[in-house]
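Peer 1:
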Ligand code: PHE
Ligand code: ZN
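Right, here's the structure in full:
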């Protein structure tokens, strides 16, 4: 048995470069299986070290030339991962020729083919599969790229920057030369070639320059580009207004490709996108898809400053660009749609996906301290928790203070590769504040817990609040700076109670837009509110002011009150979620003790008041009546030290949905009917909220035999994909002839459209009927299933592992065996995607003993296969530790 042990890379080992590359001149002679890359680099030596080690993988070295002289075999040393040569000169030029095979590249990093076109993906370390290079983000250089290709097969030839030359060549070929005027690391390099069509637009910058906007897509998708183009223009305008950041080239290009490992990539001036985040029209895309496009277009655009102009020193600093850019796209979406809804959705996402990651074997700080495969660290932690940490600065400094910090950050670091400390210092210096304690958020893994207790002294009219922070169940951590935004509400008249603070406390607690801001800095700390007329209700962590778990023994009466009238929409929603969660947990216990389940009267009361509240925003109403995600319940159970029996969880959700539907049938039906609209699809806040609430009601109504026809009626109307898909979702639990007939219809209507077909696959991969497991096995046999297409693999295998509790956690263990064997197949084709698909196994310790053993034995089998990629190896081996 051979168990591979790939090398671990550590942040503490970072050393600056010995050589700089002043300029890179690339020539690509495109050929599907034999592309020739000529790479001319001008080097400058910066230290005494004369040994130059270039990264390179999956390459055929054709020749290497230094200062015009061809080098012999003995002049350099070549391995599978690098090329070393002695370079005592101060300055020298290397010309390296390599041959690569784009067609055989199913890993989808470096140069590859997708739907007959050429494209590249270089982040994090893909450039080294194109040519030998110093493939690290602190190596900044000026790039010029010449592309030569067959004219009939490659109408467009694109790379970063500006087109400076093009023309015809003999033999049916043509060429284009692109020059990027901005220095960049090679992970931002891009090349695209093929027969693509273009949709053009333009944007006038605030300093009156014209920027040409071009979306490149396949011809049959030309009718699905309007939304992406509109989103791009909105993003450009927003970044000018909110952050004063203006685009810096004359052209901005976005290319949609069908085969892409991630969402999209911010290559300088030439973004490459998963077509899922570009293409949409109301008939093919849901509201969630439209929102996804708007935010990913914004995200990649915002990277032009946060990521490209100022980049990362090394990959341990990834959150410097990703946490910050996610924060920026969250703020953008919040301004475009509803701030309250956006905040709640982001918190849900963080809790459902980042909290479990942080509690599992892959837990890492937002600045990881080591990695085996960098691609495994594009995580919810680095991205989403990273964004929460950036948000902390804004909460502490206010919007204006945050903006000052951003301005200083760009003044200081434009054109450089920097660290998270540099960012923090800019925030601190611009606001004359000591923010050094913020460092503790960057280097410690795990979700902090804040325990709050209150004590009211009626005689002295004081309300004492005490706060305690723990991390991973202990208080041994470096204490975190935690902004607690709160208020105290009168139980009698819903208003905020007034109070005063001692002089000392005034320095720790001040007025904020949405209440009071208390800065918790120690392990244990308390705050005394003076002159408090009555024992109030505490509205804590308003707007989710820090990414923590709150432990506060709130009475259910208090929660019902907050759930009904707190002016902070986050706390209002949170209170009803907490009531639901308490109810769910009680019921899990009931199932396990063989007792009857109940719908708690408190939760029911909160549901009732939210359903009846006519002044409540429709989207917030929809969120209020939605049960917490299953993964959030699992998280809560684990936090209580309980093992998860998925059969109980399924039973509890089944019961709760059914009971809520029965109890509130008439209001759900009334709302469902009120929300109907005969207007054409519009993508705006209001229309989205209507559909969201309508479809939430439909989902409950579908549990009631007397109301089941609504699903079919809504499906038959075929008004837009949001509504059609919601109808299909509602049908999912039924093992019925009509569900199958509708799915067949849907397939016939849409099998020519890959993105819609992905939905068809995903819907069935998350099937919760009794045949869930057999169904998913049949999906991988389907003629339209391809392991080589990441979206398709994720729609079936990713969805199965994450969202199919019934099938994946089937007591027989067959679901586990199925997914593990699929991971092995996929790992040979695309390790990055395989590593994502294997991740549900990392949570094995949470489940009941029988399931734990079955999951663990699959992990062991994977390791023992002896042939895992670094990507899958890292996740599996860490899970078994
Ligand atoms: N940098 C991309 C983003 O977040 C993500 C990405 C990483 C894409 C690695 C491809 C490969 O915007
Ligand atoms: Zn990003």
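In full-length UniProt numbering, the protein residues as written are 1 to 881.
Don't be surprised by glycine CBs; every beta carbon is placed ideally from N, CA and C.
In this text the structure is predicted, and so the values were computed from the model without any measurement.
#1: Have a look at 539, 522, 534, 646 and flag the residue whose alpha-carbon is nearest the alpha-carbon of residue 514.
#2: What are the complete beta strand (DSSP E) segments, minimum 3 residues, inside the stretch 291 to 375?
#3: Return yes when the Cβ of residue 81 is within less than 9 Å of the Cβ of residue 57, no when it is not.
#4: If you follow the beta strand (DSSP E) that residue 509 is in, where does it begin and where does it stop?
#5: Which value, in whole angstroms, describes the spacing of the CA atoms of residue 174 and residue 134?
#6: Does the ligand ZN have a heavy atom nearer than 8 Å to the CB of residue 307?
#7: Please classify residue 699 as buried or exposed, where buried requires at least 16 other C-beta atoms within 10 Å of its C-beta.
#8: Which class does residue 557 belong to by DSSP, given the choice of helix, strand or coil?
#9: May I have the straight-line CA-CA distance separating residue 206 from residue 759, to the nearest angstrom?
#10: What three-state label does DSSP hand residue 532 in the structure shown?
#11: Alpha carbon to alpha carbon, how far is residue 460 from residue 531?
#12: Exposed or buried, which one is residue 800 when buried takes at least 16 other CB atoms within 10 Å?
#13: If the criterion is Cβ atoms closer than 9 Å, does the pair residue 668 and residue 755 meet it?
#14: Is the distance from the Cβ of residue 195 to the Cβ of residue 178 below 9 Å?
#15: Roughly how many whole angstroms lie between the Cα atoms of residue 270 and residue 121?
#16: Would you call residue 210 buried or exposed, if buried means 16 or more other Cβ atoms sit within 10 Å of its Cβ?
#17: Reducing DSSP to helix, strand and coil, say where residue 444 ends up.
#18: Take residue 318 and list the residues in its own chain whose beta-carbon comes closer than 7 Å to its own, dropping the five residues that flank it on each side.
#19: For the putative contact between residue 716 and residue 340, defined by C-beta atoms under 8 Å, what is the C-beta separation to the nearest angstrom?
#20: Could you tell me whether the Cβ atoms of residue 442 and residue 422 are closer together than 9 Å?
#21: I want to know whether the stretch 698 to 712 touches the stretch 720 to 730 - three or more CB-CB distances under 8 Å.
#22: Out of curiosity, what's the CA-to-CA distance linking residue 40 and residue 96?
#23: Pick helix, strand or coil for residue 898, following the three-state DSSP scheme.
#24: At a cut of 8 Å, does the stretch 259 to 266 reach the stretch 102 to 122 through at least three beta carbon pairs?
#25: Going by the DSSP bridge assignment, what does residue 141 pair with across the sheet?
#26: Which two residues bound the contiguous beta strand (DSSP E) that contains residue 246?
#27: Strictly closer than 6 Å from CB to any heavy atom of the ligand ZN: give me those residues in the order they appear in the chain.
#28: Where does residue 202 sit, in a helix, a strand or coil, going by DSSP?
#29: Among all the DSSP beta bridges, which residues are the ones paired with residue 524?
#30: Are residue 168 and residue 153 touching if we call contact CB-CB under 9 Å?
#31: Please work out which residues of its chain come closer than 6 Å, Cβ to Cβ, to residue 309, disregarding the five sequence neighbours upstream and downstream, and give them in chain order.
#32: Does DSSP classify residue 748 as helix, strand or coil?
#33: Per DSSP, residue 119 forms a beta bridge with which residues?
#34: Tell me which residues share the same chain as residue 88 and place their Cβ nearer than 7 Å to its Cβ, disregarding the 5 neighbours each side in the sequence.
#35: Residue 791: buried (16+ other C-beta within 10 angstroms of its C-beta) or exposed?
#36: Rounded to the nearest angstrom, what separates residue 249 and residue 240 at their Cα positions?
Peer 2: On the basis of the data shown:
#1: 539
#2: Listed in chain order, the beta strand (DSSP E) elements of length 3 or more contained wholly in the stretch 291 to 375 amount to none.
#3: yes
#4: 509 to 512
#5: 30 Å
#6: yes
#7: buried
#8: Residue 557 falls in the helix class under three-state DSSP.
#9: About 40 Å.
#10: coil
#11: 8 Å
#12: buried
#13: Going by C-beta atoms, residue 668 is not nearer than 9 Å to residue 755.
#14: No, they are not a contact pair.
#15: 11 Å
#16: exposed
#17: coil
#18: 312, 377, 382
#19: Beta-carbon to beta-carbon, residue 716 and residue 340 are separated by about 34 Å, too far to satisfy the 8 Å threshold.
#20: no
#21: yes
#22: 7 Å
#23: The structure shown does not extend to residue 898, since the chain spans only 1 to 881, so no value can be given for it.
#24: Enough Cβ pairs lie closer than 8 Å, so yes.
#25: In the DSSP secondary-structure assignment, residue 141 is bridged to 184.
#26: Neither: residue 246 is in no beta strand (DSSP E) and is coded neither H nor E.
#27: 299, 303, 322, 325
#28: strand
#29: 468
#30: no
#31: 414
#32: helix
#33: 112, 192
#34: These residues qualify, in order along the chain: 50.
#35: buried
#36: Straight-line Cα distance between these residues: approximately 15 Å.
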